[in-house]
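S.K.: With the UniProt record's numbering, you'll find the sequence shown wraps up at 65, consecutive numbering, no jumps.
Starting off with a structure, shown below.
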Amino acid sequence: TARQRWQPTPMQLQILENIFDQGNGTPSKQRIKEITAELSHHGQISETNVYNWFQNRRARSKRKQ
1 TARQRWQPTP MQLQILENIF DQGNGTPSKQ RIKEITAELS HHGQISETNV YNWFQNRRAR
61 SKRKQ
């Protein structure tokens, strides 16, 4: 498809992983807004990207156990 799949920058990924490691699943709507605002300094990103990343990341960590 023509639509480019969102790919986090290494910096965005590092921040997302750090937040994920602090635990409790998918962040609240408000927290996602804050995370998106911070990550937008490091490249293109939307709240949907952040939300989906946490959903996918949690699914991956469940599979790994």
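C-beta atoms are modelled at their ideal positions from N, C-alpha and C, and glycine is treated no differently.
For N52, report the span of its alpha helix (DSSP H) as first-last.
M.R.: Taking the first residue of the sequence shown as position 1, residue 52 is located at position 52. Taken as a continuous stretch (DSSP letters only), the alpha helix (DSSP H) holding N52 covers 47-64.
S.K.: Under three-state DSSP, which class holds Q14?
M.R.: Here the question's residue 14 lines up with position 14 in the sequence shown. Residue state, collapsed to three classes: helix.
S.K.: Under DSSP, the alpha helix (DSSP H) around A2 begins and ends at which residues?
M.R.: Within the sequence shown, residue 2 is the residue found at index 2, counting from 1. It is not in any alpha helix (DSSP H) - A2 carries neither H nor E in the DSSP assignment.
S.K.: Given this structure, state the Cα-to-Cα distance separating M11 from H41, to the nearest angstrom.
M.R.: The sequence position of residue 11 within the sequence shown is 11, counting from 1. The sequence position of residue 41 within the sequence shown is 41, counting from 1. Going by the C-alpha atoms only, they are around 10 Å apart.
S.K.: Would you report the Cα separation of S46 and R60, rounded to the nearest angstrom?
M.R.: Taking the sequence shown and counting its residues from 1, one reaches residue 46 at position 46. Taking the sequence shown and counting its residues from 1, one reaches residue 60 at position 60. Computed Cα separation, rounded: 21 Å.
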